[in-house]
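Chains as they are written, first to last, in our numbering: chain A, 222 to 336; chain B, 41 to 147.
The following block contains the structure:
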């Protein structure tokens, strides 16, 4: 079992450029989360999916961030255009069901640097 | 406002000493509480959750609703416990993490 897979692991871009992150959750996991983790902080939830439906995207900056989870499996998170303040680690996690007590399994993260 | 506070960014103890990592929360309702851990060069992973009332790797955590705390404790720290620890809260439609505490266990 590979666990949650994320790519790329590292990305360096110049400001105003677009960037996309990809996540493949654990097989059979219906719930998928995207988090942003700034340096010295804990993960901050951006969006949560139940299958292909975004059930919580209140923290997603919708002017520049977008996400999709077609067919309820893989997901992509996009930033367009990127700003300096977007430099962070972007984490994807999945869980088997959308219950609050469920264990979340995290991917290795994508470290984004915006120059 | 819903919040998770870990007052100590850094905590250092000697091997064999007791350790307590503090976590306080603010939530209007009945949250689910967790401790997640990240060892060096590894992924963030669940350590334990209050609903299970279990001890994992010698760690325990008790939910104190009166003090709104969920402190993580271990009576005898080991060097392999050195890691970053995050307290997390799952609400009805919300998931929040504290800023984390870096625990270092010295030999």
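Where a beta carbon is used, it is the ideal one built from N, C-alpha and C, also for glycine.
How about residue i and residue j: do their beta carbons lie closer than 7 Å?
i: residue 257 (chain A); j: residue 311 (chain A); result: yes
i: residue 315 (chain A); j: residue 250 (chain A); result: yes
i: residue 131 (chain B); j: residue 71 (chain B); result: yes
i: residue 61 (chain B); j: residue 125 (chain B); result: yes
i: residue 242 (chain A); j: residue 298 (chain A); result: yes
i: residue 334 (chain A); j: residue 233 (chain A); result: yes
i: residue 129 (chain B); j: residue 103 (chain B); result: no
i: residue 262 (chain A); j: residue 329 (chain A); result: no
i: residue 281 (chain A); j: residue 268 (chain A); result: yes
i: residue 112 (chain B); j: residue 324 (chain A); result: no
Output the distance between the C-alpha atoms of residue i and residue j, rounded to the nearest integer angstrom.
i: residue 356 (chain A); j: residue 303 (chain A); result: Look at the range of chain A in this structure, 222 to 336, and you will see that residue 356 (chain A) is not part of it.
i: residue 108 (chain B); j: residue 44 (chain B); result: 10 Å
i: residue 110 (chain B); j: residue 140 (chain B); result: 13 Å
i: residue 52 (chain B); j: residue 91 (chain B); result: 28 Å
i: residue 105 (chain B); j: residue 224 (chain A); result: 34 Å
i: residue 286 (chain A); j: residue 118 (chain B); result: 42 Å
i: residue 101 (chain B); j: residue 93 (chain B); result: 8 Å
i: residue 236 (chain A); j: residue 136 (chain B); result: 28 Å
i: residue 98 (chain B); j: residue 336 (chain A); result: 44 Å
i: residue 265 (chain A); j: residue 127 (chain B); result: 13 Å
Could you check what DSSP says for residue i in three-state terms: helix, strand or coil?
i: residue 111 (chain B); result: strand
i: residue 50 (chain B); result: strand
i: residue 292 (chain A); result: helix
i: residue 120 (chain B); result: helix
i: residue 130 (chain B); result: strand
i: residue 92 (chain B); result: helix
i: residue 101 (chain B); result: strand
i: residue 68 (chain B); result: coil
Closer than 9 Å between beta carbons: that is the criterion. Which residues of the stretch 246 to 259 of chain A meet it against chain B? 254, 256 and 258
Ranges of the beta strand (DSSP E) found wholly within the stretch 270 to 314 of chain A, counting only runs of at least 3: 274 to 277, 286 to 289 and 296 to 300
In chain order, what residues of the stretch 112 to 143 of chain B put their CB closer than 9 Å to some CB of chain A? 126, 127, 128, 130, 131, 132, 133, 134, 135, 136, 137, 138, 139 and 140
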